[in-house]
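Worksheet: one structure, shown below.
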Amino acid sequence: MTFNYHVISTLVEDKPGVLQKVAGMFNRRGFNIDSITVGNSEVEGLSRMVITVHADERGLEQVTKQLNKLVDVIKIKDITEVAVKRELCLVKVNIPNEKARAEIMQYSNIFRANILDVTEQTLLIELTGDKKKINAFLSLVETFGIKRIARTGLTAMSRGI
Amino acid sequence: MRVKTVEYQINYQSGIKTGASCTNWELMTFNEKAPFRDSVAYVFCEVHEITQFTNIIIVSIIIYIFVYICYCIIDKKVFTMRGGEAIIESLKNMGVKTIFGYPGGQTIPFYDMLYDADINHILVRHEQAAAHAADGYARASGRVGVCLATSGPGATNLVTGIGTAYMDSSPIVAITGQVPTHLIGNDAFQEADIIGITMPIVKYSYQPKNPDLIPSIIKSSFEIASTGRPGPVLIDVPKEVQEGELTKFDDSLIETPGYNPTIKGNIRQVKKARDLIKEAKKPMILAGAGVIISHACAELRKFAETINAPVMTSLLGKGAFDETNELALGMLGMHGRKVSNDYINESDLLIAIGIRFSDRTTGRLDSFAPDTKIIHIDIDPAEIGKNVEVDLPIVGDARNILSSLNKVLTTYKPSSDVNKWTDMIKQKKIELLPRVTYDDVPLKPQTVIKEIAEVLTPESILTTDVGQNQMWAAHFFDTQKPRKFISSGGLGTMGFGFPAAIGAKVACPDDPVVSLNGDGGFLMVCQELATVREYDLPVIAIVLENRTLGMVYQWQSLLYNERHSQTLLGNSPDFVKLAESFGVNATRITKPGETKEALSSAIKDNEPVLLNVVIDPEEALPMLPPGAGINEMIGEYKLEKDVI
Chain A
603 MTFNYHVIST LVEDKPGVLQ KVAGMFNRRG FNIDSITVGN SEVEGLSRMV
653 ITVHADERGL EQVTKQLNKL VDVIKIKDIT EVAVKRELCL VKVNIPNEKA
703 RAEIMQYSNI FRANILDVTE QTLLIELTGD KKKINAFLSL VETFGIKRIA
753 RTGLTAMSRG I
Chain B
87 MRVKTVEYQI NYQSGIKTGA SCTNWELMTF NEKAPFRDSV AYVFCEVHEI
137 TQFTNIIIVS IIIYIFVYIC YCIIDKKVFT MRGGEAIIES LKNMGVKTIF
187 GYPGGQTIPF YDMLYDADIN HILVRHEQAA AHAADGYARA SGRVGVCLAT
237 SGPGATNLVT GIGTAYMDSS PIVAITGQVP THLIGNDAFQ EADIIGITMP
287 IVKYSYQPKN PDLIPSIIKS SFEIASTGRP GPVLIDVPKE VQEGELTKFD
337 DSLIETPGYN PTIKGNIRQV KKARDLIKEA KKPMILAGAG VIISHACAEL
387 RKFAETINAP VMTSLLGKGA FDETNELALG MLGMHGRKVS NDYINESDLL
437 IAIGIRFSDR TTGRLDSFAP DTKIIHIDID PAEIGKNVEV DLPIVGDARN
487 ILSSLNKVLT TYKPSSDVNK WTDMIKQKKI ELLPRVTYDD VPLKPQTVIK
537 EIAEVLTPES ILTTDVGQNQ MWAAHFFDTQ KPRKFISSGG LGTMGFGFPA
587 AIGAKVACPD DPVVSLNGDG GFLMVCQELA TVREYDLPVI AIVLENRTLG
637 MVYQWQSLLY NERHSQTLLG NSPDFVKLAE SFGVNATRIT KPGETKEALS
687 SAIKDNEPVL LNVVIDPEEA LPMLPPGAGI NEMIGEYKLE KDVI
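Chains as they are written, first to last, in the working numbering: chain A, 603 to 763; chain B, 87 to 730.
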């Protein structure tokens with residue numbers, strides 16, 4: 603059994619309690635949600651949830667079927683292989699000295715991150731990318747001391763038409 | 087009198103010469119109590135200079151308004167409907183004749199409206215019994231059962247019953263009262279988030295925030311509860327919605343684009359199944375409750391006879407196939423018949439229909455039919471491959487798929503290998519029939535079940551509680567028709583049997599209804615004796631008295647060094663006196679033959695009766711210990727052929 607991350611895109615009815623039903627189902631069936639993002643979809647009255655879950659093939663099949671069973675869930679697609687995945691991360695980094703400031707800004711440039719707020723002691727940086735990219739950036743700036751991190755969790759969309 | 091404001095827009099520009107304060111369009115609000123006075127006052131204070139011509143127009147407008155208001159009042163008398171009345175009306179439209187409930191603070195408006203309504207209400211003595219009775223009603227009739235409770239504790243008392251119905255795919259609609267909308271979230275008196283609490287154990291739930299939604303919600307609830315894989319639906323109705331007036335009675339179904347149960351089986355899969363059946367030399371059928379739910383029993387019988395395969399059932403599948411038929415092997419599983427448990431692993435093809443392969447049915451999964459090809463027919467795709475890996479799934483309604491299978495198998499004749507196998511199994515079935523003939527005192531439960539079976543007709547309904555009594559009934563009692571054996575399988579709810587019998591009796595008033603209970607489970611719901619007495623429901627409650635919590639006692643005896651921790655019930659109560667205090671006749675039975683006699687006369691008398699049968703506390707069925715394979719039963723399996 604190999605456990606992998608799967609990205610599942612679901613179209614659900616935009617009703618109160620739907621997020622609770624979906625999250626509750628995962629919990630009840632013993633699956634761990636790695637991240638979940640919810641927002642309006644292109645259709646009025648429907649929301650799109652992008653769920654990242656750590657499961658083996660059989661577990662994934664169960665998750666998909668159990669999700670499908672929920673009356674408020676309209677459509678489910680495993681888009682792990684075909685998706686563009688993005689996450690937004692806000693990170694506040696310490697500036698121990700002036701040299702560090704320059705260095706951090708340089709890293710930010712390389713990673714195409716934006717600096718949103720500057721103080722004498724900290725930089726607030728906005729970074730978008732997949733998990734790997736964000737983790738790589740965070741490990742780079744870790745040496746300067748990270749004051750705070752806020753991540754949105756992965757959202758994704760399949761490529762092509 | 088309720089006050090309702092009606093808004094009208096009137097164009098009276100033409101009637102005013104110099105009305106500087108008037109705009110072209112004015113909103114006028116009328117109070118129904120005194121509509122005429124208001125309108126006159128309004129018009130006269132606003133309009134100062136009136137010509138003869140405009141005077142006529144204004145008078146005609148006033149007359150028009152007066153007529154309109156009269157129309158509204160008459161109209162209202164004809165069409166007025168409040169939320170609670172809409173619930174009753176919608177339930178009646180859905181064919182509901184009886185509901186099981188218990189009133190409380192937040193359902194007083196509903197109960198007030200019920201006072202004048204022509205729908206039966208059975209006042210149970212505990213909300214849990216209402217849910218079980220609705221469940222029993224649904225299982226006995228195939229129609230949706232309805233139960234009702236107030237908010238907070240009333241609603242949470244339904245939870246066990248809703249969970250029971252969910253696990254066993256029983257269609258019930260549970261209606262709960264809720265605190266008024268403006269109080270929701272304030273921890274108001276008797277407030278509970280019942281929608282949240284029941285979320286994992288309902289198929290769907292609704293909370294109408296507006297009385298107009300009630301007819302649609304009730305209709306949709308019945309639709310969702312009873313179609314596809316059935317299940318419970320909860321409707322949580324805030325108090326002011328019960329009181330509020332409907333502006334229209336619209337009961338169109340609420341759209342649920344995410345709910346499309348698959349009914350028709352994929353024909354390619356059906357043909358593949360046919361090919362597997364043709365190749366098989368040692369086929370077996372395992373039927374579950376899905377066969378009963380989809381009314382597929384006739385199709386199953388035809389199918390089994392066509393392919394000449396022995397039929398086993400799950401606990402809830404009892405009745406899907408006539409157990410007196412020579413192809414019927416009886417229940418499979420933890421306390422199953424020896425012939426089923428011993429020979430399932432020897433089959434080369436298992437056709438499982440309407441079953442979810444619960445752990446109590448399969449035993450340890452890796453030793454469940456390891457070399458057998460499995461065809462799994464079920465309406466719920468999530469059941470396919472959930473517990474047991476299958477070779478060929480067919481998703482759809484059991485009846486639909488079985489008829490397609492019967493169609494593609496019209497020319498099929500079982501091979502000599504199949505006939506040889508089935509003859510062998512039939513022979514083994516006779517050899518391995520469990521012993522039911524005893525003349526011991528204290529009574530053996532087998533004797534009791536045997537005597538019950540001798541009295542009951544195939545149409546009689548037997549409900550069981552949970553524990554040893556349930557397994558004895560399932561093991562030794564041959565059920566011949568669907569919906570005649572009613573038991574809590576998935577959730578294993580003690581206290582289910584007796585209230586479920588009440589529901590079953592309401593559903594099938596002409597059929598004898600017997601509920602078999604242990605002394606532990608019966609005490610959980612014994613207050614329902616008041617219900618059967620009050621409504622003269624001739625339910626016969628058999629209480630097997632061994633003064634232990636038998637099933638746990640049995641496990642402790644077999645697996646926990648006979649350390650009987652908290653499973654001895656002591657000598658209280660006297661069940662005969664208990665029943666008599668409720669005005670229910672009761673008999674204490676201690677010897678063979680007495681059960682038969684007392685049960686026959688109870689059925690003849692058509693009265694609620696309690697039969698208190700004292701049995702041997704040490705009697706226990708052989709079982710699969712936890713983690714054992716299906717053919718690794720422990721305990722002595724006593725055989726009828728060994729009776730001297």
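We treat Cβ as the ideally placed atom computed from N, Cα and C, and that holds for glycine.
Just so it is clear, the structure is predicted and the values come from calculations on it, not from any experiment.
Within chain A, partners of B/T342 - CB distance below 7 Å: Counting from one through the second sequence, the residue named residue 342 of chain B turns up at place 256. Neighbours of B/T342 on chain A, chain order: V673.
Residue(s) in a DSSP beta bridge with B/L435: Within the second sequence, the letter at position 349 stands for residue 435 of chain B. DSSP output for B/L435 lists B/P369, B/K459 as bridge partner(s).
B/D279 versus B/R315: straight-line alpha-carbon distance, rounded: For the purposes of this step, residue 279 of chain B is identified with residue 193 of the second sequence, where counting begins at 1. For the purposes of this step, residue 315 of chain B is identified with residue 229 of the second sequence, where counting begins at 1. Their Cα atoms are separated by approximately 26 Å.
Segments assigned beta strand (DSSP E), at least 3 residues, entirely inside the segment 319-371 of chain B: 319-324
Closer than 8 Å at the beta carbon, the chain B residues around A/G626: For the purposes of this step, residue 626 of chain A is taken as the residue at position 24 of the first sequence. M285, P286, listed in chain order.
C-beta contact flag for B/T242 and B/I283 at 8 Å: Position 156 of the second sequence, counting from 1, holds the residue named residue 242 of chain B. Position 197 of the second sequence, counting from 1, holds the residue named residue 283 of chain B. Yes, these two residues count as a Cβ contact at 8 Å.
is_contact[A/G619, chain B] using C-beta, thresh 8 Å: Here residue 619 of chain A refers to the residue found at position 17 of the first sequence. Chain B, which has a Cβ nearer than 8 Å to the Cβ of A/G619, makes this yes.
Local Cβ density within 10 Å of B/M691, reported as buried at 16 or more and exposed below that: The residue given as residue 691 of chain B occupies position 605 in the second sequence. According to the sequence provided, residue 691 of chain B is Asp. The question's Met does not apply to it. The residue is exposed, with fewer than 16 neighbouring Cβ atoms inside 10 Å.
C-beta contact flag for B/K368 and B/W558 at 8 Å: Within the second sequence, the letter at position 282 stands for residue 368 of chain B. Within the second sequence, the letter at position 472 stands for residue 558 of chain B. No, the pair does not count as a contact, with Cβ atoms beyond the cut-off.
Through-space distance from B/L435 to B/T399, alpha-carbon basis: Counted from its first residue, the second sequence places residue 399 of chain B at position 313. Counted from its first residue, the second sequence places residue 435 of chain B at position 349. Going from the Cα of B/T399 to the Cα of B/L435 covers about 15 Å.
C-beta contact flag for B/G419 and B/L401 at 8 Å: Locating residue 419 of chain B in the second sequence gives position 333, counting from the first residue. Locating residue 401 of chain B in the second sequence gives position 315, counting from the first residue. For B/G419 and B/L401, yes; Cβs fall inside 8 Å.
Exposure of B/G344, with buried meaning 16 or more beta-carbon neighbours within 10 Å: Here residue 344 of chain B refers to the residue found at position 258 of the second sequence. Buried is the call here.
B/F584, enclosing alpha helix (DSSP H) - first and last residue: The residue given as residue 584 of chain B occupies position 498 in the second sequence. Its alpha helix (DSSP H) spans residues 583-593.
Residue-chain proximity (B/K305, chain A), Cβ-Cβ < 8 Å: The residue given as residue 305 of chain B occupies position 219 in the second sequence. B/K305 does not count as touching chain A.
Beta-carbon proximity check, B/T565 vs B/K404, cutoff 8 Å: One-based indexing of the second sequence puts residue 565 of chain B at position 479. One-based indexing of the second sequence puts residue 404 of chain B at position 318. In contact: B/T565 and B/K404 (Cβ atoms closer than 8 Å).
Contact with chain B by A/I676, beta-carbon distance below 8 Å: Against the first sequence, residue 676 of chain A aligns to sequence position 74. Yes - at least one Cβ of chain B is within 8 Å of the one on A/I676.
Nearest candidate by alpha-carbon position, reference B/V327, set B/T342, B/I270, B/A311, B/V288: Position 241 of the second sequence, counting from 1, holds the residue named residue 327 of chain B. The candidate whose alpha carbon is nearest that of B/V327 is B/I270.
8 Å Cβ cutoff met for B/P286 and B/V323: Stepping through the second sequence from its first residue, residue 286 of chain B is reached at position 200. Stepping through the second sequence from its first residue, residue 323 of chain B is reached at position 237. Contact: no.
6 Å CB neighbourhood of B/Y290 in its chain, flanking five on each side removed: For the purposes of this step, residue 290 of chain B is identified with residue 204 of the second sequence, where counting begins at 1. Cβ within range, chain order: I310, V319.
Neighbour flag for A/E615 against chain B, beta carbons, 8 Å: Position 13 of the first sequence, counted from the first residue, corresponds to residue 615 of chain A. At least one chain B Cβ lies under 8 Å of A/E615.
DSSP three-state assignment for B/I441, whether helix, strand or coil: Position 355 of the second sequence, counted from the start, is the residue given in the question as residue 441 of chain B. Three-state DSSP puts B/I441 in coil, outside helix and strand.
Per DSSP, the bridge partner or partners of B/T565: Your numbering for residue 565 of chain B matches position 479 in the second sequence. None, per the DSSP bridge assignment.
Candidates B/N346, B/F308, B/D457, B/G422: closest to B/Y782 by CA position: Because residue 782 of chain B is not part of the residues shown, which for chain B are 87 to 730, the question remains open.
Short CB-CB distance (under 8 Å) between A/Q723 and chain B: Stepping through the first sequence from its first residue, residue 723 of chain A is reached at position 121. No, A/Q723 does not count as interfacial toward chain B.
Sheet register partners of B/N179 (DSSP bridge): The residue given as residue 179 of chain B occupies position 93 in the second sequence. Paired residue(s): none; B/N179 is not in a bridge.
Status (buried if at least 16 other CB within 10 Å, exposed otherwise) for B/K364: Indexing the second sequence from 1 puts residue 364 of chain B at position 278. Per the 10 Å Cβ criterion, exposed.
Three-state secondary structure (DSSP) of B/H212: For the purposes of this step, residue 212 of chain B is identified with residue 126 of the second sequence, where counting begins at 1. Here DSSP, grouped into helix, strand and coil, assigns B/H212 to coil.
Selection of the segment 293-324 of chain B by Cβ proximity to chain A, strictly under 7 Å: I310
Proximity test, Cβ basis, 8 Å: A/R650 and chain B: Position 48 of the first sequence, counted from the start, is the residue given in the question as residue 650 of chain A. No, its Cβ sits nowhere closer than 8 Å to a Cβ of chain B.
Neighbourhood of A/G661 by C-beta distance below 7 Å, restricted to the same chain and skipping five residues each side: Taking the first sequence and counting its residues from 1, one reaches residue 661 of chain A at position 59. Excluding residues within five positions, the ones whose Cβ falls inside 7 Å are F633.
Beta-bridge pairing of B/H421 - partner residues as DSSP gives them: Position 335 of the second sequence, counted from the first residue, corresponds to residue 421 of chain B. According to DSSP, B/H421 bridges with nothing at all.
Cross-strand partners of A/K677 (DSSP beta bridge): Looking up residue 677 of chain A in the first sequence gives position 75. Secondary-structure assignment with DSSP links A/K677 through a beta bridge to A/L613.
Whole-number beta carbon distance between A/N696 and A/K749, since they are thought to touch under 8 Å: Position 147 of the first sequence, counting from 1, holds the residue named residue 749 of chain A. Position 94 of the first sequence, counting from 1, holds the residue named residue 696 of chain A. About 6 Å; that satisfies the 8 Å criterion.
Spatial neighbours of B/D408 in its chain, beta-carbon cut-off 6 Å, leaving aside the 5 residues before and after: Mapped onto the second sequence, residue 408 of chain B falls at position 322. Contacts found: Q566.
With 16 other Cβ atoms within 10 Å as the buried cut-off, status of B/K424: The residue given as residue 424 of chain B occupies position 338 in the second sequence. So B/K424 ends up on the buried side.
Member of B/P467, B/D509, B/E537 whose CA lies at the smallest distance from the CA of A/V665: Walking along the first sequence from the start, residue 665 of chain A turns up at place 63. It is B/P467 whose Cα lies nearest to the Cα of A/V665.
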